[in-house]
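Right, one structure below, let's go through it.
Numbering (the UniProt record's numbering), first residue to last: 1 to 409.
Written out as structure tokens, the structure reads:
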């Protein structure tokens, strides 16, 4: 048997699909390459977990690196400030790419700017005793904005002068630092919210002088990311958002066939149809189903994966999906689990919030806190006003197997 090319719970070995989003991001990066100027506003890719946001950005970052960008990759941590890590990642990326300052004066300048940014953030963080009002968030201390703007100008210009395209800053899990500490009211980490306000203001300022900044800033996060950014600063409304949803049948089929094709293995038509249907357009499920079928088939070059192989791998695939479902179930409180059970007991891909309330025997308006918490945890989403659905195919069936009274105690 050849090595299994499918990678459940990890970055796909072969990334296919998301062509529209890839093209949009690459077109914007092309502006930096062609004109040596700012890509545009902060761009974020959002969607529930498991839809391939990080994989998409990794693919775009790899292509950008091959096009001459220095890529600085950072990931947000729950309720923690993030700008100091961004500055550190930029510095490290310059060193790895060997385009950092070569004379002592330039090196000292970059170090001083990075230190100035971090010291400014530390001073403001130390002073934060109460949550700032909206006006304060929209106007972070100028002492924070200038140093970060100078740091990004110096580093990106240095890359450009050395023959590179520019600087690409990627911030994954951008929602995580801004998550609330309280379920009943929005109470974020104030340092993280200040970081977000600084980032938004800096990107806005750089856009006004775009020819000075061969920079692109891209992020990814759960569906609430743009709302959380807007809470930090009204400039969050100007963030360019790309919303991911499940893959269509054609893209789903390509996720399964392309890794196999590169190893000389094909999928029979009925096997492919069954696997695509079973995954429901969910990228992680496609990797799980593909991996299980591959293990059942144990193919060599020239072999084909059949419907019998998909059937033989079904138990292993279901066990892997159940493990995923269980990990999500465990993050829900008892009140949230009652909500999920009520939701799963109703017919249809999406259900009315009022119908959930009726199942629980409570007023519709009483569900607000629980609903928002489940959305923040990535378990459900709101596809339309007043309607909710699960973010992962098959989760409703799993919820129905969990014991408990649908009605709230």
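Glycine is no exception: its CB is placed at the ideal position from the N, C-alpha and C atoms.
Predicted, not measured: the structure shown is a model, and the values here were computed from it.
query, result
"For residue 327 and residue 277, the rounded distance between their alpha carbons", "23 Å"
"Burial state of residue 189 (16 or more Cβ within 10 Å)", "buried"
"Cβ separation of residue 215 and residue 169, assumed to be a contact under 8 Å, to the nearest whole Å", "7 Å"
"Buried or exposed (CB count within 10 angstroms, at least 16 for buried), residue 415", "No statement about residue 415 is possible, as the shown extent of the chain runs from 1 to 409 and does not include it."
"Distance between residue 195 and residue 132 (C-alpha atoms, nearest Å)", "Interpretation of residue 132 is limited by its pLDDT of 46, a score under 50 that renders its predicted location unreliable; the figure taken from the coordinates is listed afterwards. Rounded to whole angstroms, residue 132 to residue 195 spans 13 Å at the Cα level."
"Selection from 270, 262, 252, 299 that minimises the alpha carbon distance to residue 288", "252"
"Stretch-stretch touch, CB-based, cutoff 8 Å, three pairs: the region 148–155 with the region 86–100", "yes"
"When 164, 329, 172, 33 are compared against residue 70, the one with the closest alpha-carbon", "164"
"Simplified DSSP assignment, three categories, for residue 66", "helix"
"C-beta contact flag for residue 50 and residue 284 at 8 Å", "yes"
"In DSSP terms, what residue 242 is bridged to", "45"
"For residue 166, the first and last residue of its enclosing beta strand (DSSP E)", "166–172"
"Residue 59 and residue 22 closer than 8 Å at C-beta", "yes"
"Beta-bridge pairing of residue 221 - partner residues as DSSP gives them", "46"
"Cβ contact check for the region 255–266 and the region 212–229: 3 or more pairs under 8 Å", "no"
"Delimiting residues of the beta strand (DSSP E) encompassing residue 382", "380–384"
"Span separating the alpha-carbon of residue 76 from that of residue 115", "20 Å"
"DSSP-derived helix/strand/coil call for residue 305", "strand"
"C-beta atoms of residue 174 and residue 143 nearer than 8 Å", "no"
"Minimum Cβ-Cβ distance from residue 115 to chain C less than 8 Å", "The chain inventory of the structure shown lacks chain C, comprising one protein chain alone."
"Contact the region 390–403 vs the region 225–238: 3+ CB pairs below 8 Å", "no"
"Segment contact flag, the region 310–322 with the region 22–37, C-beta cutoff 8 Å, min 3 pairs", "no"
"Neighbourhood of residue 203 by C-beta distance below 7 Å, restricted to the same chain and skipping five residues each side", "41, 42, 217"
"Among 6, 11, 167, 268, nearest to residue 39 - alpha-carbon criterion", "167"
"Neighbourhood of residue 7 by C-beta distance below 7 Å, restricted to the same chain and skipping five residues each side", "13, 287"
"6 Å Cβ shell around residue 281 - same chain, five flanking residues per side excluded", "246, 247, 252"
"Sequence-distant residues of its chain with Cβ nearer than 7 Å to residue 383 (five each side left out)", "350, 389"
"Burial state of residue 249 (16 or more Cβ within 10 Å)", "exposed"
"Residues of its chain near residue 336, where Cβ-Cβ distance is below 7 Å and the 5 sequence neighbours each way are ignored", "370, 373, 374"
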